[in-house]
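These notes concern the structure reproduced below.
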Amino acid sequence: MKNETILSIILALCFATITIKNWHKIIIEKRSEHPPLPPGRKGWPILGCIPQMMKNKPSHKWIHKIMQELNTEIACIRLGNINVIPVTSPELACEFLKKQDAVFASRPHCMTCRMTSDGYLTAIISPLGDQWKKMKRIIVSEVLSPAMHRLLHNKVCLEEADHLVKYVYNQCQSPLKDGLLNVRAVARHYCGSASPGMEDEEHMDALFTTLNHIYAFAIADYVPWLEVFDLDGYKKTLKNSVKSMRKYQDPEIDKRVEIWEQGIRKTKEDILDVLINLKDSSNNPSLSVQEIKAQINELMFATVDNPSNAVEWALAEMINQPDVLDKAYKELDKVVGRDRLVDESDMPKLNYVKACIKEAFRMHPIDPFNVPHVSTKDMVVGGYFIPKGSHVILSRPGLGKNPRIWEDPLKYKPERHIFDESKEVSFVDHELKMFSFSTGRRGCPGVVLGSTMVTLILARLLQGFIWSAPPNGPSIDLVQLEQHMLMAKPLIARASPRLEPHIYVGL
Ligand code: HEM
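Take any residue in the sequence shown, count from 1 to its spot, add 88: that is its number in the numbering used here.
Structure representation (structure tokens):
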């Protein structure tokens with residue numbers, strides 16, 4: 089028999105089996121007496137709404153449009169055999185992530201996650217289970233311990249923050265550059281500095297291509313047997329981008345493991361050193377080299393994407409509203425002065441600068457949805473039936489711009505986050521009225537490090553430089569990419585020094 093004939097027979101058998109299973113499930117669902125699913129779209133047997141999704145790219149816009157048409161803050165869209173539950177209501181988001189946290193704390197098994205985590209070895213992507221517990225414990229108690237924070241802060245954050253100011257200053261002095269600076273490139277470079285091999289542009293591009301394809305509605309994430317056909321090309325793109333990233337990182341990691349084994353390196357100076365030296369109770373390495381490589385890869389996503397994106401959008405919005413920029417300058421002058429550079433110790437008093445970042449998180453999240461949470465059993469939430477295995481995806485712009493919650497939601501207004509001058513602005517919102525670090529057992533453990541990085545970088549850029557739009561336009565074009573949530577074009581802005589030359593020269 090020819091190969092094509094065999095393939096056709098296999099496909100026909102798969103189709104028949106899945107159709108029968110699907111109808112059986114639908115009949116059972118209809119017969120059982122549970123509340124209705126959230127309003128939404130069911131689509132076809134087997135494929136669900138995948139054909140509609142393919143016709144309506146980008147998928148996140150299509151999902152939000154369906155919710156708008158149905159006038160709902162929770163929906164159910166069937167993709168393949170999976171109920172995908174997008175949510176834009178903070179009250180319902182809290183039900184999922186706080187009240188029913190134990191039930192909704194797992195992650196999906198899917199192609200894009202498997203490919204980026206070396207088969208679910210890492211903390212963010214692992215479904216609930218022993219591997220997640222092990223990796224999360226290591227990140228919380230070793231990577232993000234107070235001692236490690238001090239080390240990272242002094243060795244990486246501050247050193248790099250000095251380099252950043254010096255770099256921008258040198259660009260200002262260069263007659264060729266005319267003070268023009270690519271803020272995105274600078275912010276990404278700074279945020280990636282905690283990771284090995286992060287210098288190369290190709291590496292950074294590969295990182296963002298990978299990020300843009302994880303949990304981005306790949307067909308094979310919902311209909312796994314279609315993975316082999318790679319109908320949307322996600323598999324090929326991810327394979328290449330992950331390979332590109334790893335080409336830079338893995339040899340660095342191998343080298344570092346070797347010099348520790350040979351006793352050449354003796355002091356732990358960064359996250360990689362910490363991961364390599366972890367020992368279990370029998371004094372064996374806690375992590376295999378494969379686990380270290382996978383986790384370093386994931387930590388890179390965690391440290392680069394959110395902070396660099398927030399800084400870029402915040403600065404762009406501020407340049408377009410000179411009074412906001414002015415308030416931030418005044419706060420920095422009052423709290424820090426002009427004789428030294430702003431430091432972590434100033435942060436509790438920089439409420440306005442922090443509110444500027446928080447407003448960027450609210451209006452311009454890097455992703456349309458949070459990392460999916462998967463239900464581990466049938467539940468009823470908000471009066472709707474949420475079947476076991478559903479993917480609950482909280483809409484970041486949906487929460488942050490919900491007009492029921494936020495007055496004038498499309499206006500960048502940092503003041504809205506300052507209720508009481510004596511109270512420190514925090515980026516975390518446990519009420520989930522906007523989305524930053526999330527909450528509950530899958531919430532981000534990197535709040536302190538992430539908040540420090542993002543505040544320090546914006547505060548340094550503001551304290552050190554006067555910012556304006558490039559000469560060819562009176563303002564920055566605040567357009568977002570169609571496909572993702574990044575600014576459509578990297579922010580190019582003009583910087584000129586605000587401080588006395590000796591402050592920059594001493595760096
Ligand atoms: C501004 C910076 C950051 C933001 C906005 C951010 C945001 C988030 C969000 C939204 C999640 C998913 C939460 C959920 O599923 O409900 C997450 C998870 C996570 N983040 Fe962050 N993050 C940041 C920085 C960091 C840093 C610096 C680290 C560590 C070095 C880190 C480590 C993690 C880990 C390990 C998880 C997985 C938690 C789990 O699934 O159990 N993050 N983060």
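Note that the Cβ used here is the ideal one computed from N, Cα and C, for glycine as well.
Considering only the alpha carbon of each residue, which of the options lies closest to residue i?
i, options, result
"ASP320", "TYR500, VAL542, ASN144 and THR540", "ASN144"
"MET199", "VAL191, TYR208, PHE192 and LEU429", "TYR208"
"ASP455", "SER524, ARG428, ASP309 and CYS137", "SER524"
"PHE84", "VAL516, THR464, LEU167 and ALA583", "Given a span of 89 to 595 for the chain in the structure shown, any question on residue 84 remains unanswerable."
"ARG428", "ASP318, ALA583, LEU595 and THR527", "LEU595"
"GLU70", "ASN242, ASN169 and ILE213", "This structure gives no information on residue 70, because the portion of the chain shown stretches from 89 to 595."
"ALA404", "PHE317, ASN270, GLU512 and PRO178", "ASN270"
"PRO460", "HIS590, TYR303, HIS505 and ASN490", "TYR303"
"ARG238", "LEU158, GLU357 and PRO127", "GLU357"
"ARG530", "VAL480, PRO410 and LYS422", "VAL480"
"HIS518", "PRO395, HIS452, SER376 and LEU185", "LEU185"
"LEU549", "GLU290, ASP393 and ALA275", "ALA275"
"LEU264", "ARG582, THR297, TRP150 and GLU349", "ARG582"
"SER332", "GLU315, HIS505, SER370 and ASP288", "ASP288"
"LYS327", "ILE591, ALA294, PHE305 and GLY477", "ALA294"
"CYS201", "GLU183, LEU158, LYS422 and TYR322", "TYR322"
"PRO533", "ALA547, SER376 and SER229", "SER229"
Just to confirm my understanding: we take residue i, look at its own chain, exclude 5 residues before and 5 after, and list those with CB closer than 7 Å. What are they?
i, result
"HIS197", "PRO215"
"MET155", "ALA163, PRO174 and THR176"
"GLU346", "none"
"TYR500", "GLU405, GLN409, GLU447 and MET451"
"LYS476", "SER463, THR464, LYS465 and ASP466"
Kindly list the residues whose CB is nearer than 8 Å to the CB of residue i, restricted to its own chain and excluding five residues on each side of it in sequence; keep chain order.
i, result
"VAL468", "HIS122, PRO123 and ILE474"
"GLU503", "ALA443"
"ARG344", "PRO284, ARG353, LEU360, ASP361 and ILE364"
"ASN300", "GLN571 and HIS572"
"ARG586", "TYR417, ARG426, GLN551, GLY552, PHE553 and ILE554"
"GLY486", "HIS152, MET155, GLU161, PRO174, VAL175 and THR176"
"ASN490", "GLU161, THR176, SER177, PRO178, PRO497 and LYS521"
Which stretch, first to last residue, makes up the alpha helix (DSSP H) that contains residue i?
i, result
"TRP51", "Residue 51 lies beyond the range of the chain shown here (89 to 595); nothing can be said about it."
"ILE347", "322–349"
"HIS237", "234–239"
"SER147", "147–158"
"PRO485", "484–488"
"LEU420", "410–423"
"ALA308", "307–310"
"PRO139", "138–143"
"ILE226", "218–226"
"TYR257", "247–261"
"PRO178", "178–182"
"VAL441", "439–451"
"ARG202", "199–204"
"GLU290", "289–301"
"LEU363", "359–365"
Considering only DSSP beta bridges, list what residue i is partnered with.
i, result
"ARG129", "ILE165"
"TYR592", "TYR592 is not bridged to any residue."
"ARG492", "Its beta-bridge partners do not exist; DSSP assigns none."
"PHE457", "SER483"
Let's see if you can read the secondary structure: which residues bound the beta strand (DSSP E) around residue i?
i, result
"MET467", "467–469"
"LEU314", "No beta strand (DSSP E) contains LEU314, which DSSP labels as neither H nor E."
"ASN270", "268–270"
"PHE473", "472–474"
"ALA581", "580–585"
"VAL172", "170–175"
Which residues in the same chain as residue i place their Cβ atom closer than 6 Å to its Cβ, once the five residues preceding and following it in sequence are excluded?
i, result
"SER194", "PRO215, LEU216, VAL462 and THR464"
"GLY596", "Because the chain spans 89 through 595 in this model, residue 596 falls outside it and cannot be assessed."
"MET435", "THR543"
"MET292", "ARG276"
"LEU482", "VAL175, ALA181 and ASN458"
| Using 8 Å as the threshold, is the stretch 448–462 in touch with the stretch 392–399, meaning 3 or more CB pairs across them? | yes
| request: Evaluate contact between the stretch 353–370 and the stretch 402–420, counting only Cβ atoms and requiring at least three cross-stretch pairs below 8 Å. | output: no
| said: Check whether the stretch 165–174 and the stretch 334–347 are in contact - that is, three or more C-beta pairs closer than 8 Å. | reply: no
| query | Does the stretch 248–265 come close enough to the stretch 545–553 that 3 or more CB-CB pairs lie under 8 Å? | reply | yes
| query | Any contact of the stretch 132–139 with the stretch 294–312, i.e. 3+ C-beta pairs under 8 Å? | reply | yes
| message | Taking contact to mean 3 or more Cβ pairs, one atom from each stretch, closer than 8 Å, check whether the stretch 535–548 and the stretch 563–575 are in contact. | response | no
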